[in-house]
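What follows is a set of notes on a single structure, which appears directly below.
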Amino acid sequence: FKGSVEEPCFLILKEEAQEQALLQLSQAETDDDTQLAKEPLVFCFQIKNDMDIFLNECLDKNSLVINRMLMEI
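The sequence shown begins at 17 in our numbering and counts up one residue at a time.
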């Protein structure tokens with residue numbers, strides 16, 4: 017990648033915290049709750065082209081669900 021990419025903090029959480037994060041997401045009742053629950057699962061990209069390349073690999077080729085955002089500078 018040409019810019020910075022922040023991996024989801026979910027990857028460094030302890031197992032109990034990961035389970036709690038997934039439970040919170042599965043029990044989200046409103047859009048705001050869902051957005052908040054997705055935060056530990058988000059990849060953050062500095063450059064849009066980097067995000068597009070990543071999404072092409074993950075979404076188009078592997079049919080994965082990816083939570084992402086573009087960092088505003």
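Each residue gets a CB set at the ideal place from its N, CA and C atoms; glycine is no exception.
Predicted model, so just to flag it, every value in this text is computed and none were measured.
- prompt: Skipping 5 residues on each side, what residues in its chain have a beta carbon closer than 7 Å to that of R19?
  reply: According to the sequence shown, residue 19 is Gly rather than Arg. Excluding sequence neighbours, G19 sits near F61, Q62, I63, D66.
- request: Give me whichever residues DSSP pairs with V81 in a beta bridge.
  value: In the DSSP assignment, no residue is bridged to V81.
field: Beta-carbon spacing of I82, F59 below 8 Å
entry: Taking 8 Å as the cut-off, the beta carbon of I82 is found closer than this to the beta carbon of F59.
message: For A33, count the other beta carbons within 10 Å of its own beta carbon; 16 or more makes it buried, fewer makes it exposed. Which is it?
response: Exposed, by the Cβ-count rule.
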